[in-house]
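Residues in the sequence shown are numbered consecutively from 419, following the working numbering. Backbone N, C-alpha and C define an ideal beta-carbon position, used for all residues, glycine too. Just so it is clear, the structure is predicted and the values come from calculations on it, not from any experiment. Read through the structure below, which is laid out as C-alpha cells, and then see the notes.
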Amino acid sequence: MSYKNIIDLHTHTDSSFDGHHSAIFMCETAQLKGLRAIAFTDHIEIDTYYERGFDLTARDSYLHAANARSAFNGKLIVSAGIELGEPTYDTATAEALLSKFNYDIVIGSIHNLRGMPDFCDLDYVNEHTDTRALLDTYFEEVLALAKWGNFDTLAHLTYPLRYIAGEQKINVDMKQYSDIVDSILRALAENGKALEINTSGLRQPLGVTMPDESTVKRFRELGGEFVTVGSDAHKAEHLGAGIEEGIGIAKRCGFNCISLFKGRTATPVPIE
Ligand SMILES: [Zn+2]
Ligand SMILES: [Zn+2]
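Here's what the structure looks like:
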C-alpha cells in the first residue's frame with residue numbers, strides 16, 4: 419500500500435490516558451510508513467477536566483506535539499490538535515482551553531452522556547438496556563455540539579454503535595435516527611465544519627467507518643464541503659490504518675478533496 423498521500427488527522431499519543439506511544443515514536447513510525455501528515459489529537463474530556471487532570475494533559479500534549487513538529491520539520495507534517503470531549507457540557511472551560519493554545523485542529527467529540535461513563539464502559543446487558551433512549555440522547559447531544567460549533571471536525575458520528583452494534587451485536591435500525599442525523603449534518607454544513615470519517619471501526623467488530631458511507635453521502639447532499647479522515651490510532655501500529663479506504667469513501671460520496679488543518683484553517687488536499 420502506498421501511504422504517500424495519507425493524512426491521518428486523528429491519533430493519540432501517550433499523553434492520552436489510553437494512548438501507548440510517545441509523539442516522537444509515533445512520528446518515526448509515520449515516517450517509516452511514508453505518511454504525509456499526522457495530527458496529534460489527545461483526549462481532553464471537558465466534563466471531567468479538573469477532576470482527571472486534563473489541564474495538565476493539555477499542556478503536556480501540546481508541548482510534545484510542538485517538539486515533534488520541529489524534530490520532523492520537512493519530513494512529516496505534524497499538526498498539534500486536540501480531541502475535545504463533551505465541550506458543550508461546560509462551554510466556559512472548553513473556550514478557555516481553546517484560547518490558551520494555538521491548535522491546528524480541534525476535533526469535537528461526545529463519548530458519554532451527562533453524568534454517565536463513556537459508552538465503552540456501559541453495561542448494555544443488565545443496566546443500560548434501553549439503547550433507543552441512549553442513542554436518542556446521544557444524537558441530541560451531538561446536535562447541540564454541531565450547533566455550538568467551536569471545533570473543526572466532528573469526531574466519529576455514531577460512536578455508541580462501536581459498542582452497541584459492534585461489540586454487543588445489538589441490532590440498531592438507523593432509520594429511526596435519520597431526521598436527527600440530517601439535522602446534525604445540516605448544522606455542520608451551515609457552520610462550515612468538517613465531518614470526520616473515522617476508520618477505527620474498520621478494524622473493530624463494527625466493520626464500517628464512523629459514520630458509515632451512506633451518512634457521508636448524505637452530508638454531501640445536504641451541502642457538506644469538508645471531510646477529514648482519521649485512524650483514531652492509540653498505538654503506532656494503527657497509524658494510517660484504513661485511511662485509504664476512508665479517502666475512497668469520500669471520493670465515492672462526491673468529495674474531490676480531504677481537508678488538512680493548519681491554525682484551524684482547512685487546506686484542501688485533492689484526492690487523486
Ligand atoms: Zn473519540
Ligand atoms: Zn480519539
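Proximity test, residue i beta-carbon vs ligand 2 heavy atom, cut-off 7 Å
i	result
H428	yes
E463	no
D570	no
D650	yes
T459	yes
N-terminal and C-terminal residue of the alpha helix (DSSP H) that residue i is part of
i	result
H430	No alpha helix (DSSP H) holds H430; DSSP gives it neither H nor E.
F637	631 to 639
T475	472 to 489
G666	661 to 670
I598	596 to 608
F443	441 to 451
Simplified DSSP state of residue i, which is helix, strand or coil
i	result
D554	helix
I588	coil
K680	strand
I582	helix
M534	coil
A573	coil
Reference residue i; option with closest CA among the options
i	options	result
E614	A659, G641, G664	G664
N589	I602, L624, H574	L624
G619	Y577, I598, A605, Q594	Y577
Q622	L579, A457, G526, K451	L579
I602	D591, N616, Q586, E559	E559
H574	G526, D522, G658, R682	G526
K493	T459, N520, T447, L540	T447
N-terminal and C-terminal residue of the beta strand (DSSP E) that residue i is part of
i	result
L613	612 to 616
T459	455 to 463
A498	495 to 503
S527	523 to 527
Closer than 7 Å: residue i CB and nearest ligand 1 heavy atom
i	result
S434	no
A573	yes
E559	no
E501	yes
S415	What the structure shows of the chain is the stretch from 419 to 690, and residue 415 is not part of that stretch, so it cannot be assessed.
Contact test: residue i Cβ vs ligand 3 heavy atom, cutoff 7 Å
i	result
A510	With respect to small molecules bound, the structure shown includes ligand 1 and ligand 2 and not ligand 3.
>> When you compare the region 495 to 505 with the region 473 to 487, are there three or more beta-carbon pairs, one atom per stretch, that lie closer than 8 Å?
In response: Remark: three or more beta-carbon pairs, one from each stretch, lie closer than 8 Å, so the region 495 to 505 and the region 473 to 487 are flagged as touching.
>> Quick check: the region 630 to 638 against the region 433 to 443, are at least 3 beta-carbon pairs closer than 8 Å?
In response: These segments do not touch.
> Taking three-plus beta-carbon pairs below 8 Å as touching, is the region 557 to 568 in contact with the region 536 to 547?
Replying inline: The region 557 to 568 vs the region 536 to 547: no contact.
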